[in-house]
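Report on one structure; see the data block that follows.
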Amino acid sequence: MKWDVIVAGAGTAGLTAAVRAAQSGKKVLVLAKGAGATHLAPLTIDVLGYAPERVESPLASLGGFLADNPDHPYARTGEAAIGEALAWFSDVMAETYPYTGGLERNILLPSAIGAWRPSALVPVTMAEGDLRRDEPMVIVGLRQLKDFHPALLADNLQRAGVPARAVELDIEFDRVDVSTVGLARALDRPEVRSLLAAQLAVRLRSGERVGFPAALGLRHAHTVWSELQDRLGRPVFEIPTVPPSVPGLRVDRILTDALRAAGGRVILGSEIVGAQPDAGGVTVRAKAAARDIEHRADWLVLATGGFAEGSIMLDADWRARETVLDLPLAHVPAAGEARFVPDYFDVQPMARVGVAVDAGLRPVGPDGSRVHERVLVAGASIGGAVPWKEHSGEGISVTTGYHAAGQIAPKASPSVGTRAAA
Amino acid sequence: MTTLQTEVLVVGGGGTGAGIAWDAALRGYDVILVDRADLAEGTSGRFHGLLHSGGRYVVKDPIAARECVEENAIVRSIASAAIEDTGGLFVTTPDDDPAYGDQFLAGCAEAGLPTEEIDVAQALRREPRLNPGITRAFTVADASVDVWQLVWALANGAATRGARILPYHRCVELHREGDAVTGARLHDERTGETVEVQAAFTINAGGAWAHEIAEMAGIEGVSVVPGKGIMIAMNHRLVNTVVNRCTIPADGDIIVPIRTVSVIGTTDIRSEHPDDLPVTQEEVDAMLADGERLVPGFRNQRAMRVWAGVRPLFDDKKAGAGGSTRDVSRGTALLDHGERDGVGGFITITGGKLTTYRLMAEEAVDAMVEQLGHDRPCTTKTTALPGSEDGAYMSPGTRLRARDRHLKTEQLICECELIERSTLEAGMRARGSQNLDDIRRSLRLGMGPCQGGFCIPRATGILHSLDRLTAAEANTSMRSFLEERWKGVYPILYGDQLRQARLDDWIFQGVLDVEHLPGGPDRDVAATTAREAS
Amino acid sequence: MSAVHEDDVLLGLIRGSLDHCVKCTICETHCPYSNATSLFPGPKYVGPQAERFRTGEEVTPDASVDYCSSCGICTKVCPQGVHIAEINTRAKAKLAEAEGVPLRNQLLGRPDKLGALGTPVAPLANWTLANRPLRALAQKILGIHRDAALPTFAGTTFQRWAKRHTAPPEATKEVVFFHGCGTNYYEPDLGEKTVAILEHNGFKVTVPKQGCCGLPLQSNGIFPAGRAYSKRLAKHLAPHAREGKAIVGVATSCTLMVKREAREILGLDEDPDVRVVSEHTFDICEFLLDLHDRGELRTDFQPVEEVVAYHAPCQQQGHNIGKPALDLFALVPGLETVEMHSHCCGIGGTYGLKEEKRQISLDVGADLFAQVREADPTIVACDSETCRWHIEKETGVTNLHPVEILHRAYGL
């Protein structure tokens, strides 16, 4: 089958590129080995959190940061693209799951164990947890939810000078081991919300804001959150925790729906096992039952996730390789040099390894010249960043995904709107 | 400062020391067992888990082989709950001389070691991952042993007979009164307190550290050569039988299936000090290559963790300086310091291997009993350890079967190793420990493929909620778990395990932001910001 | 030596794929069954995690694996390439081997035998299956739930029709039809319509002697019989495959079995017949869309004024071909299509027929049924017969195979 754009990878970067391209009228197919890392990440759009000191304002700090890190993905896309990408993302989410924030000032939100996470753009359902405000917090957990420990969270906030306390609820489920997803699905139901609110209301104090694990509904998150706020009569905020990520699932759903509405398609379980770029486009072979399926497109966006997803591999001979197109990698330690160092919290030599790209997000060789014209790279596959330390992961994904789509359809408008005609 | 009195002080809580505590307690002695760290953190906790059939010694060391044959049978009967009856194979790989197999058979006959040569085809049916190019195969009674199960069964067994088990009590001084050792000064590593022990007899079971202990009694010349060996745990059981290369003992010539993993070992490099055990990239690469001989494709399997152990090789001053330590005796050394050095009430036992722990303990306690002039025979040969009374071996599926009965009633905390919440909480209470590493060792928490990525935040939260830890301690505990775990992971971080490590980085640093918990350098910044806002 | 294992390189790779698991939880998030019941601990648990505890010869120590439906969604969504469903299905089979297979499962595993038995006495058989007290008795004795949707015997077989049917003389190309048990015994008219569509597009349709693909036997853990069925079917179809002909099927579960599961789960990857048949097998919508891509599909569709809710069965998803039915529907004027977003209707082949699993199957399907009600369609289209019967029973909406809509649109 023939497409305008094939996107490899269904994570934040891939879906961003796909949606933007589809909404600008392109026929888009997303092929992915499996579900994207949206399922695992908190989906706060972290642009720049640590550089390495905590960043108060990405807008103010980016210049200096990029001067120190000229090979960073943001340096490739340019700073302007970040703001545009965030605005675009906000727009897409606005109707169902609105976000708030921007590049001027990072919002500081509590992490699931009580550290302070700096994020640029956060869902409104989380925003009331801003640690710069001084209302005391009550952190609510559930006995059945083993991935959220309100007492530890509250204690750590206390130690940092934030008045916080913990409350543990006990709601009956059909099982003793509930995941955040299970809780979220339950809270999509009004009767469960009532139960929760009733149990909780008697234990709240005045002037408190109420922190929950990020599980306030899956399909109807904004509704669930605002309803709870009304019922409890206090600000309510979600706190993202370890995978599975409910906020991530929400965003995944919204982006996938937007893609379908714009005429795009997603096929999971469809690993790309071969790709032949040429002057006019790319022929892609994707794995399917019994035989591979060939697709042809004008453009290929590689948003396959990097080491964490296995699209860049380090083999037992300590050689790193990008597995779809064997694209040249940057920041690889020289042969004989250490790949890793003994101190866990140091920046590891392998940390920045990823595909080398230019300002157009095309893969480039060691001499900087483009290896393929019709291939774009987006997301965690790009080298030059240490996203989990910088707290820049989703920022990079959204920005590079946005920018990649912009390379394909330069006249694409930065804002979304109507569902594209079929 | 506390003062304790006892009859027997055992310094060193590895297999030997715990075995001595059990043996002596069974003979009616009051015992205190101490170790500077957790039990079995020395050599015992860092080997590949093999209960020797003796096959590895039949050609070069027939006495050791015979010992293994006997002790293997005894340990199987008294400590079955810590043993998995994997059986063993000796296989002649294409790199090995097939004629060695005949020497092997002859040696087995001589040592009384039951063995049988089987068809290569049969061996390959039994172990489909084995190198199809093997030319000969022999069965033996190797087994794998969970050393923490074993050591804690010994310690707990001793404790039920009144022994006091004191991990994290470092021996800093041995008391001499005239020509006898009368006790020790201990430093409680966790509280910082000093504990005095008055003992009628002291047994130095310090293994690779035995010379340090002996020196505290003013005794020179107890020279123990640290023979470092690395081992790599592969993510799943590539084989279900212990597989040995049928050749002169060499590096990387054995793969041991133990619980959910298979362990390949080992190397043999003299180390300067038993606490200095670096794992080098060259050793790791060589070990992975060695694995290919036994299991083709080994290098592309998922390596989960690497560590170094240290053999205590008693040096009869015959070994040369540096290089391979294989030629230094693996035999046990029992030093009666009364005879040897004129210092009574003190013996040292060192060398040996875990398989013969019981025999070593028997010999040590016999020597003590003789010095004390008592008549108390050893009964460990026929006394089952707590938990092993029914003689049932452990099997890898046990935890899985047990878990199935608790699906509706128990939360699963460590998913890789199937540890339930009540087990964890009970373990935490029993150990009284703040240290996640202690729990890790005894329960295998965080020792599966995810290396703690999911279970450690849970366990930390639970420890904190049990009031076992303050938040500060919880934070430190989590960070130090991560740092310790990393040391065992980064030398083998390629392929699948690198993927895992990246996901763990995202969870710990990206989502939880462990690095910036209060108590770290960020603390002041956080407090400042909070003050600004108010 | 367990009959579940065969010395097969691919099986080693399947089991070895557990090494790729990084415990990310994505499979559990999507598993329709573990989300519906706590009796099933989930694909991550039962697959890569528990497999580390199952040694070569030891019986599967975890009975909860029986609650896996083998829907395969886990394998589809796993970003690391773990063959989760395949590991699970083989663990189920080891359990079945050790504990014995109840009569009910032996029966449900052989739809060809049941079909052959019931066809000559179809009116009586159908009456029996619809009779409430007899169904209650069947539940008591066999464990087949009284309310589970069972098909009605057609009284004749598709094979019989095919033998009497002659292809139009102007056919220029040839294609082979793998109709499956469902079409043969219960829905021969679906087979007739499929042949008509293919003939309309210039094909001569060969309907060779065939048989059951063995999927129900595999799902119920009866591997030796499953292999025998699979090999026998392959033997009938292989000569055609070797001539380069395409083999099309209308039952996406059966075609997936032939394409993939016989190789990856039963371990028949090295059987040359199984292999060549697998490589030449297509789902009918996949086949028709491929024709369309090449400009070879006739698009003389008349308007069909219906609202169609399309549900892609879990095993259709396992083909990894997207949803070609949707693209075909887009060619039919007047057709309003609403895509259902559900992983599984809950029937799981024979899973939802079983007494102890009936409620789980309803809970799994609840979301789909709610979506259907909300879409308020006139037709539900679905590529698998067991799903159609189940969805129709639970929603009351007429269920059709996608090609039945095309057949109508062609005006055949």
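Protein chains in written order, with the working numbering: chain F, -18 to 403; chain P, 1063 to 1596; chain A, 205 to 616. The beta-carbon is built from N, C-alpha and C at its ideal position, and this holds for glycine as well. Here the structure is a predicted model, which means the values were calculated and not measured.
Task: Whole-number beta carbon distance between V1318/P and G1111/P, since they are thought to touch under 8 Å - done: Position 49 of the second sequence, counted from the first residue, corresponds to residue 1111/P. Position 256 of the second sequence, counted from the first residue, corresponds to residue 1318/P. At roughly 5 Å, the Cβ-Cβ gap stays under 8 Å, so G1111/P and V1318/P are in contact.
TODO: Check the Cβ of K127/F against every Cβ in chain A and list those closer than 8 Å, keeping chain order.
DONE: The count along the first sequence starts at 1 and reaches residue 127/F at position 146. Ordered by position in chain A, no residue passes the 8 Å Cβ test against K127/F, which lies about 13 Å from the chain.
Open item on the list: Taking the beta strand (DSSP E) that P1374/P belongs to, which residues open and close that run?
Closed with: Numbered from its first residue, the second sequence carries residue 1374/P at position 312. Counting along the chain, the beta strand (DSSP E) containing P1374/P begins and ends at 1365 to 1376.
Open item on the list: Only counting the same chain, and skipping five residues up and downstream in sequence, which positions put a Cβ closer than 7 Å to that of M(-18)/F?
Closed with: Here residue -18/F corresponds to residue number 1 of the first sequence, with the count starting at 1. Once the five neighbours on either side are set aside, the close Cβ partners of M(-18)/F are H276.
Open item on the list: Using DSSP's beta-bridge definition, name the partner residues of Q1067/P.
Closed with: Here residue 1067/P refers to the residue found at position 5 of the second sequence. The partner list for Q1067/P (beta bridge, DSSP) reads Q1260/P.
- [ ] Would you mind stating whether E1487/P and I1524/P have Cβ atoms separated by less than 8 Å?
- [x] Residue numbering aside, residue 1487/P sits at position 425 when the second sequence is read from its first letter. Residue numbering aside, residue 1524/P sits at position 462 when the second sequence is read from its first letter. Yes, Cβ-Cβ distance for E1487/P and I1524/P is below 8 Å.
Open item on the list: Please confirm whether H20/F has its beta-carbon closer than 8 Å to some beta-carbon of chain A.
Closed with: Stepping through the first sequence from its first residue, residue 20/F is reached at position 39. At least one chain A Cβ lies under 8 Å of H20/F.
Open item on the list: Beta carbons nearer than 9 Å to chain P: which residues of the segment 216 to 231 of chain A have them?
Closed with: G216, R219, G220, L222, D223, H224, C225, V226, K227, C228, T229
Task: CA-to-CA distance, G245/F to W(-16)/F, given in whole angstroms - done: Residue -16/F sits at position 3 when you count from the first residue of the first sequence. Residue 245/F sits at position 264 when you count from the first residue of the first sequence. Each residue's alpha carbon lies about 10 Å from the other.
- [ ] Could you name the residues of the segment 275 to 297 of chain F whose beta carbon sits closer than 7 Å to any beta carbon of chain P, in the order they occur along the chain?
- [x] F288, A289, G291, M294, L295, D296, A297
Task: Beta-carbon proximity check, V(-14)/F vs A278/F, cutoff 8 Å - done: As a first step, residue -14/F is located in the first sequence; it is residue number 5 there, counting from the start. As a first step, residue 278/F is located in the first sequence; it is residue number 297 there, counting from the start. Result yes, Cβ atoms of V(-14)/F and A278/F sit closer than 8 Å.
Open item on the list: Check whether the segment 262 to 279 of chain A and the segment 1471 to 1481 of chain P touch, using three or more Cβ-Cβ pairs below 8 Å as the test.
Closed with: no
Task: 9 Å Cβ cut-off: residues of chain P touching K370/F - done: Position 389 of the first sequence holds residue 370/F. Close to K370/F, with beta-carbon spacing below 9 Å, are these residues of chain P in chain order: D1567, Q1571, G1572, E1577.
Task: Same chain, Cβ closer than 6 Å to G1081/P, neighbours up to 5 away in sequence not counted - done: Your numbering for residue 1081/P matches position 19 in the second sequence. Leaving aside the five residues that flank G1081/P on each side, the residues in its chain whose CB is nearer than 6 Å to its CB run, in chain order, L1216, Y1419, R1420, A1423.
Task: Any C-beta of chain F under 8 Å from that of N1537/P - done: Position 475 of the second sequence, counted from the first residue, corresponds to residue 1537/P. N1537/P belongs to the set of residues whose beta carbon lies under 8 Å from a beta carbon in chain F.
TODO: Specify whether the segment 1541 to 1552 of chain P and the segment 1326 to 1338 of chain P touch according to this definition: at least 3 beta carbon pairs, one from each stretch, less than 8 Å apart.
DONE: no
Open item on the list: Can you tell me whether L1531/P is buried or exposed? The criterion is at least 16 other CB atoms within 10 Å of its CB, across all chains shown.
Closed with: Walking along the second sequence from the start, residue 1531/P turns up at place 469. Flag for L1531/P reads buried.
Open item on the list: Once DSSP output is grouped into helix, strand and coil, what is the label at L495/A?
Closed with: Position 291 of the third sequence, counted from the start, is the residue given in the question as residue 495/A. L495/A: helix per DSSP, three-state reduction.
Open item on the list: Quick check on the DSSP output: what are the complete alpha helix (DSSP H) runs of length 4 or more inside the segment 1516 to 1554 of chain P, in order along the chain?
Closed with: Fully enclosed alpha helix (DSSP H) runs of 4 or longer: 1517 to 1527, 1533 to 1551.
TODO: Below 8 Å on the Cβ atoms is my guess for P1229/P versus G1075/P; work out the distance and round it to an integer in Å.
DONE: Numbered from its first residue, the second sequence carries residue 1229/P at position 167. Numbered from its first residue, the second sequence carries residue 1075/P at position 13. Going by Cβ atoms, the distance from P1229/P to G1075/P rounds to 6 Å, so yes, they are a contact pair.
Open item on the list: Determine, for H130/F, whether the minimum Cβ-Cβ distance to residues of chain P falls below 8 Å.
Closed with: To locate residue 130/F, count along the first sequence from 1; it is residue 149. By this cut-off, H130/F is an interface position.
Task: Y80/F (DSSP reduced to helix, strand or coil) - done: Numbered from 1 along the first sequence, position 99 holds the residue referred to as residue 80/F. Strand.
Task: Euclidean distance between Cα positions of G229/F and K127/F - done: Start at 1 with the first residue of the first sequence, and residue 229/F comes out as number 248. Start at 1 with the first residue of the first sequence, and residue 127/F comes out as number 146. Distance between the alpha carbons of G229/F and K127/F: 19 Å.
Task: Distance CB(R219/A)-CB(E262/A) smaller than 8 Å - done: Counting from 1 along the third sequence, the entry for residue 219/A is found at position 15. Counting from 1 along the third sequence, the entry for residue 262/A is found at position 58. Cβ distance not < 8 Å, so R219/A and E262/A don't count as in contact.
- [ ] Could you tell me which chain F residues have their CB closer than 7 Å to the CB of R1561/P, listed as they occur along the chain?
- [x] Position 499 of the second sequence, counted from the start, is the residue given in the question as residue 1561/P. In chain order: F288, A289, G291.
Open item on the list: Run through chain F and tell me which residues come within less than 9 Å of Q284/A, C-beta to C-beta.
Closed with: Numbered from 1 along the third sequence, position 80 holds the residue referred to as residue 284/A. Ordered by position in chain F, the residues that pass the 9 Å Cβ test against Q284/A are K14, G15, E290, G291.
TODO: Could you name the residues of the segment 1221 to 1239 of chain P whose beta carbon sits closer than 8 Å to any beta carbon of chain F, in the order they occur along the chain?
DONE: The residues in question: there are none.
Open item on the list: Quick check for students: name the residue ranges of the beta strand (DSSP E) that lie wholly in the segment 414 to 441 of chain A, counting only runs of 3 or more.
Closed with: none
Open item on the list: Please return the same chain residues whose Cβ sits closer than 8 Å to the Cβ of Q575/A, not counting the five positions on each side in sequence.
Closed with: Taking the first residue of the third sequence as 1, we reach residue 575/A at position 371. Correct list, in chain order: A513, M544, H545, S546.
- [ ] Starting from the Cα of N603/A, find the closest Cα among T590/A, T410/A, A613/A and give me that residue.
- [x] Within the third sequence, the letter at position 399 stands for residue 603/A. Ranked by how close their Cα comes to the Cα of N603/A, the residues T590/A, T410/A, A613/A have T590/A in first place.
- [ ] Excluding the 5 residues preceding and the 5 following A267/A in the sequence, name in chain order all residues of the same chain whose CB lies nearer than 6 Å to its CB.
- [x] Against the third sequence, residue 267/A aligns to sequence position 63. So the list is empty, once near-sequence residues are dropped.
Open item on the list: Please classify V0/F as buried or exposed, where buried requires at least 16 neighbouring CB atoms within 10 angstroms.
Closed with: The residue given as residue 0/F occupies position 19 in the first sequence. Buried, because 16 or more other Cβ atoms sit within 10 Å of the Cβ of V0/F.
Open item on the list: If I measure Cβ to Cβ from R1493/P and keep anything under 8 Å in the same chain, skipping five residues before and after, which residues do I get?
Closed with: Translated into the one-based positions of the second sequence, residue 1493/P becomes position 431. Residues of the same chain with a CB within less than 8 Å of the CB of R1493/P, apart from the 5 flanking positions on each side, are D1500, I1501, S1504 in chain order.
TODO: Figure out for me which residue from D1567/P, R1520/P, G1079/P, A1563/P has the closest Cα to the Cα of G1268/P.
DONE: Here the question's residue 1268/P lines up with position 206 in the second sequence. Nearest C-alpha to G1268/P: G1079/P.
Open item on the list: With a threshold of 8 Å between beta carbons, is N1362/P in contact with chain D?
Closed with: The chain inventory of the structure shown lacks chain D, comprising the protein chains F, P and A.
Task: Cutoff 6 Å; reference P224/F; Cβ partners in own chain excluding five residues on either side - done: Walking along the first sequence from the start, residue 224/F turns up at place 243. Answer for P224/F: L21, listed in chain order.
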